[in-house]
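Each residue of the sequence shown is one higher than the one before, starting from 143 at the first, in the working numbering.
Cβ coordinates follow ideal geometry from the N, Cα and C atoms, glycine included.
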Amino acid sequence: MNEDQNQFIIVGEVLGAHGRNGATRVRMLTEFPERFERGAQLCIEGRPYLVVTSQPSQEMVILRLAGIDTPEAAEQLRGKYLEIPASERKILPAGRYYRHDIIGLEVFTNTGALIGRVSEILSTGSNDVYVVDNDGKETLIPAVKDVVKEINLAEKRLTIEAITGLLD
Numbered sequence: 143m144n145e146d147q148n149q150f151i152i153v154g155e156v157l158g159a160h161g162r163n164g165a166t167r168v169r170m171l172t173e174f175p176e177r178f179e180r181g182a183q184l185c186i187e188g189r190p191y192l193v194v195t196s197q198p199s200q201e202m203v204i205l206r207l208a209g210i211d212t213p214e215a216a217e218q219l220r221g222k223y224l225e226i227p228a229s230e231r232k233i234l235p236a237g238r239y240y241r242h243d244i245i246g247l248e249v250f251t252n253t254g255a256l257i258g259r260v261s262e263i264l265s266t267g268s269n270d271v272y273v274v275d276n277d278g279k280e281t282l283i284p285a286v287k288d289v290v291k292e293i294n295l296a297e298k299r300l301t302i303e304a305i306t307g308l309l310d
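Right under this line is the structure:
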């Protein structure tokens, strides 16, 4: 059995209902907007949904999913993630990573000090921010080249430059 068969990759997050026909506002969390085209299949909590309509809207997409026909049904999906099977993963360009590959990495300074483990990724618009947890203490690390110096997926390690004020 292929280990990817029961795994999913997050490609979007439902932000809420849109209009009166069961459409949803979705934040795209993928490099591949074609994942949301009409006829595509997406999963929510393992249940497949067919994309009936898709309309780009700024940094979001308005989707209507088969079987979701009322604003109330759409609103029930708020906060849920749209996923695809991991077997449908596309190769990213060099230096780009899937969110699920980053979450869980141990974070070290370039001098070797352990900061903690990436627990979440926040999308801010300009750049992502890695939330690093160290026994309940959170540190926010901007995902920019001046700070993030190396991502080593094989070693499950992320190395940062501890610029002034970052860890204080």
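DSSP on S261, reduced to helix/strand/coil? One-based indexing of the sequence shown puts residue 261 at position 119. Here S261 sits in strand by DSSP.
If you draw a straight line from the C-alpha of N294 to the C-alpha of G254, how long is it? Reading the sequence shown from its first residue, position 152 is the one you call residue 294. Reading the sequence shown from its first residue, position 112 is the one you call residue 254. In a straight line, the C-alpha of N294 is about 14 Å away from that of G254.
If you count every other CB in all the chains shown that lies within 10 Å of the CB of R206, and 16 or more means buried, which is it? The sequence position of residue 206 within the sequence shown is 64, counting from 1. With 16 or more Cβ atoms within 10 Å of its Cβ, R206 is classed as buried.
Give me the Cα-Cα distance between I152 and E217, rounded to the nearest whole angstrom. Here the question's residue 152 lines up with position 10 in the sequence shown. Here the question's residue 217 lines up with position 75 in the sequence shown. For I152 and E217, the distance between alpha carbons rounds to 19 Å.
Would you say E248 and K298 are within 8 Å of each other, going by their C-beta atoms? Sequence index remark: in the sequence shown, residue 248 carries index 106 (1-based). Sequence index remark: in the sequence shown, residue 298 carries index 156 (1-based). Taking 8 Å as the Cβ cut-off, E248 and K298 qualify as a contacting pair.
Quick check for students: name the residue ranges of the alpha helix (DSSP H) that lie wholly in the region 171-258, counting only runs of 4 or more. List check, alpha helix (DSSP H) in window: 213-217 and 241-244.
Tell me R169's beta-bridge partners as DSSP assigns them. As a working mapping, residue 169 is identified with position 27 in the sequence shown. Answer is E155 and M202, bridged to R169.
Could you round the C-beta distance between F250 and I244 to whole angstroms and report it? I think they count as a contact, below 8 Å. The residue you call residue 250 lines up with position 108 of the sequence shown. The residue you call residue 244 lines up with position 102 of the sequence shown. 14 Å between Cβ atoms; not a contact.
With the cut-off set at 8 Å, would you say V156 and L264 are in Cβ contact? Along the sequence shown, read from residue 1 onward, the residue named residue 156 stands at position 14. Along the sequence shown, read from residue 1 onward, the residue named residue 264 stands at position 122. Against a cut-off of 8 Å, the Cβ pair of L264 and V156 comes out as no contact.
Proximal residues to E201 (C-beta, below 8 Å), its chain only, five neighbours per side dropped: Residue mapping note: residue 201 aligns to position 59 of the sequence shown, counting from 1. Contacts found: R169, M170 and G267.
Kindly indicate the opening and closing residues of the beta strand (DSSP E) around I293. On the sequence shown, residue 293 is found 151 positions in, with the first residue counted as 1. V290 to N294 is the span of the beta strand (DSSP E), which, as asked, contains I293.
If we count the other Cβ atoms within 10 Å of its Cβ and call it buried at 16 or more, is F174 buried or exposed? By 1-based counting over the sequence shown, the position of residue 174 is 32. That one is exposed.
If you follow the beta strand (DSSP E) that N276 is in, where does it begin and where does it stop? For the purposes of this step, residue 276 is taken as residue 134 along the sequence shown, with counting starting at 1. Boundaries of the beta strand (DSSP E) harbouring N276: D270 to N276, taken from the DSSP string.
Express the C-alpha separation of E292 and A236 in angstroms, rounding to a whole number. Mapped onto the sequence shown, residue 236 falls at position 94. Mapped onto the sequence shown, residue 292 falls at position 150. Those two C-alpha atoms are separated by around 12 Å.
Quick check: the Cα distance between I283 and V289, rounded to an integer number of angstroms? As a working mapping, residue 283 is identified with position 141 in the sequence shown. As a working mapping, residue 289 is identified with position 147 in the sequence shown. For I283 and V289, the distance between alpha carbons rounds to 8 Å.
Name the two residues that bound the continuous beta strand (DSSP E) containing K279. Along the sequence shown, one-based indexing puts residue 279 at 137. Start and end: K279 to P284.
Let me confirm a value: A296 is counted as buried when at least 16 other C-beta atoms fall within 10 Å, else exposed. Which label applies? Here residue 296 corresponds to residue number 154 of the sequence shown, with the count starting at 1. The residue is exposed, with fewer than 16 neighbouring Cβ atoms inside 10 Å.
Less than 8 Å between C-beta atoms, sequence neighbours within five positions excluded: which residues of the same chain meet that for E230? If you number the sequence shown from 1, residue 230 lands on position 88. Only I151 meet the Cβ criterion.
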